[in-house]
Every structure is written in structure tokens, then in C-alpha cells.
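Undergrad:
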Amino acid sequence: MDKYLIKKRKTVTAESTDNMDPVISKTHEEASCSDSQDSETNPNTKTQTQTQSLDPVGFIGKSLNDTLKSTILGSKWTPEKGKFSFPLTHGRRYNVAWEDKFNWLRYSPSTDSAFCAPCIAFGECKSSGGYSDKFSSSGMKDWKNAVGAKRGTFLIHQESSGHKDALLKSSNFLQIIEGGKNIKCSISKAYEDNIKKNQQIILNIIDVIVVMGQRNIPLRGHNWDKDAKREDGNFDFFVHWKAEDKPVLKQHLATAAYSDMAIWH
Numbered sequence: 001m002d003k004y005l006i007k008k009r010k011t012v013t014a015e016s017t018d019n020m021d022p023v024i025s026k027t028h029e030e031a032s033c034s035d036s037q038d039s040e041t042n043p044n045t046k047t048q049t050q051t052q053s054l055d056p057v058g059f060i061g062k063s064l065n066d067t068l069k070s071t072i073l074g075s076k077w078t079p080e081k082g083k084f085s086f087p088l089t090h091g092r093r094y095n096v097a098w099e100d101k102f103n104w105l106r107y108s109p110s111t112d113s114a115f116c117a118p119c120i121a122f123g124e125c126k127s128s129g130g131y132s133d134k135f136s137s138s139g140m141k142d143w144k145n146a147v148g149a150k151r152g153t154f155l156i157h158q159e160s161s162g163h164k165d166a167l168l169k170s171s172n173f174l175q176i177i178e179g180g181k182n183i184k185c186s187i188s189k190a191y192e193d194n195i196k197k198n199q200q201i202i203l204n205i206i207d208v209i210v211v212m213g214q215r216n217i218p219l220r221g222h223n224w225d226k227d228a229k230r231e232d233g234n235f236d237f238f239v240h241w242k243a244e245d246k247p248v249l250k251q252h253l254a255t256a257a258y259s260d261m262a263i264w265h
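Residue 98 in the UniProt record's numbering is what sits at position 98 of the sequence shown, and the numbering runs on without skipping anything.
(1) Restricting to Cα atoms, I'd like to know which of Asn198, Cys119 and Glu178 is closest to Ser161.
(2) Across which residues does DSSP place Ala114 in a beta bridge pair?
(3) Is DSSP giving Thr67 helix, strand or coil here?
(4) For a quick check, are the C-beta atoms of Ala117 and Trp98 less than 8 Å apart?
(5) Quick check on this structure: which residue in Asp236, Phe238, Phe235 and Lys134 has the alpha carbon closest to the alpha carbon of His163?
(6) What whole-angstrom Cβ distance do Asn234 and Arg215 have, given they're in contact under 8 Å?
(7) Tell me, please, whether the segment 196-212 touches the segment 81-97 by the rule of three or more beta-carbon pairs shorter than 8 Å.
(8) Compute the Euclidean distance between the alpha carbons of Leu253 and Trp241, then round it to the nearest angstrom.
(9) Alpha carbons only, please: which of Val248, Tyr191, Lys189 and Glu244 is nearest the one belonging to residue 270?
(10) In terms of residues, what are the limits of the alpha helix (DSSP H) holding Glu178?
(11) Are there 16 or more other CB atoms within 10 angstroms of the CB of Leu168, so buried, or fewer, so exposed?
(12) Round the Cβ separation of Ser108 and Val57 to the nearest angstrom and send it over; I've been treating them as touching at under 8 Å.
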């Protein structure tokens, strides 16, 4: 998918640019060569490249990395005033004003069809609405039934469970990205924090065992605490005593399952 991103211009020879076909599926090398050649002869090359890179068709059926997901969710193709006219399909045409109400809409100038950005980024949406899956595959271009209280395809898709699920995933994703983190780093950080917390819990428990050993205090004990409704053995007592000034250990004792602490007694 990186081939749809705008690349830095490269200096190439005339021979390398003889048979260029500036279509959206061209390779990295072809895109760079074509851009270098066209930039000298066509002032609209930059605009054409941007159009291709933001066309939702280029994001479909591909494995999207964080950068491409962020691009399709946060950017969209918009026509230049006076330079583009939406084509007619059965007497109707796409209305860019629809995007104000349905901000997930992404128009494809290459196929004259509408797509859903969240559904492209986070999986295909399917529903009984009949059109919902098209918003992340072939595109929707039935402009006659695009909006409306009864047969409005956009509204039907927006209310579908698949779209809502993709929208939630997109929102969570953008929050992580905008916070300066990517998903992998976020998961790694949570895993690292969990390891550190467990290490602190274990070290506190080891401290109790060491002190009890130094004082020749047996770990076992079978005093039943009626108020707490649990065994109040020596080890159990000193662990809870230490937890009074160790928040991490105290939280663990309060949330751990009974089976996790049964070996103490």
C-alpha cells in the first residue's frame, strides 16, 4: 500500500520514462519516474498524484499499516472548484454536501462511487441493508437512493452493526495515533507495566518470607478470622500487614481470586 503514498521526486533519465502508464496501480519505481517526468511538463502533476493517493479504491483489499489507516480515516479527496464535475449516473450525481452529515463518506473519482473510511480501515461491513458491504468493496453509486428517510442507503449503512463496530475501532485507533503512540507500542507498554507490577508484588511477598525466616516465625498457622471469614495464619497476617503501606500489594490482595491466595494458608 505504500505505493499510493506521495514519494519524493527522483532524477531519472529520459529512457526510463518512455513507457509510463500513470495508473493508480503502478509500482514505487514507476510512480517516482512518472512524477519526475510529469512535473517538468504538467503543472497539475502534484494534484493528480494527491488524487490517486487519497482515492479510497487504492486502500481496498490491502493490508493497511498504521500510516495508511490514519490516511484514509483522516483525509479525503476533494474536488477543486471549477475543475471537476461529478458525473451523472441515471440522471443523478454525487453531492459533496452529503459528507457534512456522513463524515465517514469517501468519494472515489476513479470509479464515481462512495465508500466508508472506517469500514475500509477495519474490515468489511455486512448487514441486511443490501448495500452495506459495498461501502468497503466495490463502492456504492445508487445516488437516487443515497439519502432519504425510508430508503436512504447512507443512513442504513450508518446504523448497521458492522459500521458501528468499525467506527468504534477507528475512534480508538485515532486516539492512540494522535497521542503519539502506535498500537504496538501501546500494547507493549501495557505488557511492560503489568510485568513491573507483578515484580513489585513478588518482591514484597519475598520480603515477608525473609523477615519471618530471620525471626524463626513459621509460615503456617490455622487461626480462623470470623470477621474476615478466612484463615489468619502467620504468613497471611504479615502479608496483609505489609500491604498497609504498599498500594500495589494491597490492590493485588483486594482483587486476586481466592484460589490465587489459598496456598498461603
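We put the CB at the ideal spot given by N, CA and C, even for glycine.
TA: According to the data block:
(1) The candidate whose alpha carbon is nearest that of Ser161 is Cys119.
(2) Tyr107 and Met140
(3) helix
(4) It is not a contact, given that the beta carbons lie outside the stated cut-off.
(5) Of the candidates Asp236, Phe238, Phe235 and Lys134, the one whose C-alpha sits nearest the C-alpha of His163 is Lys134.
(6) Not a contact, Cβ separation roughly 10 Å.
(7) no
(8) 11 Å
(9) Here the chain covers residues 1 to 265 and nothing more, so residue 270 does not appear.
(10) First-last of the alpha helix (DSSP H) with Glu178: Ser161 to Glu178.
(11) exposed
(12) 5 Å between Cβ atoms; contact.
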